[in-house]
Amino acid sequence: MSFFKDIGRSIQRPNPNRSRRSPTPTSSTFPNAISTDSASAPPQSPLASAPAIQKPLYLCSPFVEAALVKGNFKTIVMLPKYVDIMEWVAVNIFDFFQNLNMFYGVISECCTQQSCPTMSASATLNYTWINQDRKSVQLPAPTYIDYVMTWVQNLLDDENTFPTKSGQDFPASFPSTIKHVYRQLLRVFAHIYHAHYSQILHLRSEPHFNSLFAHFLAFGREYELLDIKDVRGTLNAPVVGIGALWERWREMGILES
Ligand SMILES: [Zn+2]
């Protein structure tokens, strides 16, 4: 399994595919007034001084219901007839990555070392990175996300990991590799929801972003690419961040319960 080796490689050479990022971000898209990462606690809110943590906007109506795709995602994730399951998983991961990369490309201007000094996913949850010495380290979110996206892009470009020619088999390590990919992409979604949802709303992209994420979750559950604990956190801890969103969507019937 080359996960740690690959991460080590991307730490030494962090930006080889930076130019593949979506070219869409522009400085005019986001006026300074909204370029903070305060989606969960708008400073102007009358509740801002209350000691309790405010409910994140993405859990509030109408945003939590906003979707391009109505109904349950079960039918979309089902394996089509005559399609190889590895091919199906590979092509879906490719699409999830491309779409997420595009969204992050658009909001990345607002995700800086200053605005996001940690890979935050809620007021109480920060993801850590495993470095080449296998130590858990805190990284600023843009650095963390750059490592993830570069690493995934390199895997997708690697014919030995994601073969595209007919007659070439997927490697035996494919299932475990894509689980690592899935977990890391989940974290990127989680950070965007937590820290940059106001920018998604500003772009009026919440239906698109919600549907992309719901599709990602449904697909991950269907093919066992996601552990529940990665989504909702450990059993005894309070559910925070995207774990709460996942639970809400299950209650609403958008995801399987
Ligand atoms: Zn950020």
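Start counting the sequence shown at 1361; every next residue gets the next number (the numbering used here). For each residue, glycine too, the CB sits at the ideal point set by N, CA and C.
Check your understanding: Using DSSP with H/G/I as helix, E/B as strand and the rest coil, what is Y1487?
Key -> strand
**Study point:** Spatial neighbours of F1454 in its chain, beta-carbon cut-off 8 angstroms, leaving aside the 5 residues before and after
**Key:** L1516 and F1522
**Study point:** Cα-Cα separation, Q1528 to W1448
**Key:** 15 angstroms
Check your understanding: Would L1586 be called buried (16 or more neighbouring beta carbons within 10 Å of its own) or exposed?
Key -> buried
Review point. So, is the C-beta of S1468 closer than 8 angstroms to a C-beta in chain B?
Key: In the displayed structure, chain B is absent; only one protein chain is listed.
Review point. Regarding A1483 and ligand 1, is the C-beta to nearest heavy atom distance less than 7 angstroms?
Key: no
**Study point:** For V1424, the nearest candidate out of H1540, I1467, Y1553 and A1450 (CA to CA)
**Key:** Y1553
**Study point:** Sequence-ordered residues whose beta carbon comes within less than 5 angstroms of a heavy atom of ligand 1
**Key:** C1471, C1476, A1501 and A1555
Practice item. Taking 8 angstroms as the threshold, find out whether the region 1435–1448 comes into contact with the region 1460–1467 through three or more Cβ pairs. Key: no
**Study point:** Limits of the unbroken alpha helix (DSSP H) element including E1607
**Key:** I1602 to E1611
Exercise for review: Could you name the residues that DSSP lists as bridge partners for V1451?
Suggested key: BP columns for V1451 are empty, so no partner.
Exercise for review: Pull up the distance between the alpha-carbon of L1460 and that of A1550, whole angstroms please.
Suggested key: 11 angstroms
Exercise for review: Give the straight-line distance between the Cα atoms of S1565 and N1432, rounded to the nearest whole angstrom.
Suggested key: 20 angstroms
Exercise for review: Starting from V1512, follow the alpha helix (DSSP H) in both directions and report where the run begins and ends.
Suggested key: A1501 to D1517
Review point. Shortest alpha-carbon distance to S1475 belongs to which of A1555, L1615 and V1600?
Key: A1555
**Study point:** Separation of P1598 from I1436, as counted between CA atoms
**Key:** 31 angstroms
Practice item. Using only alpha-carbon positions, find the residue among L1499, T1503, S1533 and V1548 that is nearest to F1457. Key: V1548
Review point. Hey, how far is the Cα of R1494 from the Cα of H1540?
Key: 15 angstroms
Practice item. Return the CA-CA distance between C1420 and A1532, expressed in angstroms with no decimal places. Key: 43 angstroms
Review point. Assuming T1478 contacts P1500 under a Cβ cut-off of 8 angstroms, what Cβ separation, rounded to an integer in Å, is found between them?
Key: 7 angstroms
Check your understanding: Going along the chain, which residues of its own chain have a beta-carbon closer than 8 angstroms to the beta-carbon of R1610, five neighbours each way excluded?
Key -> E1616 and S1617
Review point. Does the distance from the CB of Q1630 to the CB of T1510 come in under 8 angstroms?
Key: Missing from the structure shown is residue 1630; the chain here goes from 1361 to 1617 and no further.
Practice item. Counting only the same chain and skipping the five closest in sequence on each side, list residues whose C-beta sits under 7 angstroms from that of Q1473. Key: P1500 and P1502
Practice item. Hey, could you find the ends of the alpha helix (DSSP H) N1570 is sitting in? Key: E1566 to E1582
**Study point:** Close-in-space but distant-in-sequence residues of the same chain around K1525 (CB under 8 angstroms, 5 per side omitted)
**Key:** E1519
Check your understanding: So, L1417 versus H1568, is the Cβ gap smaller than 8 angstroms?
Key -> no
Review point. Would DSSP call E1616 helix, strand or coil?
Key: coil
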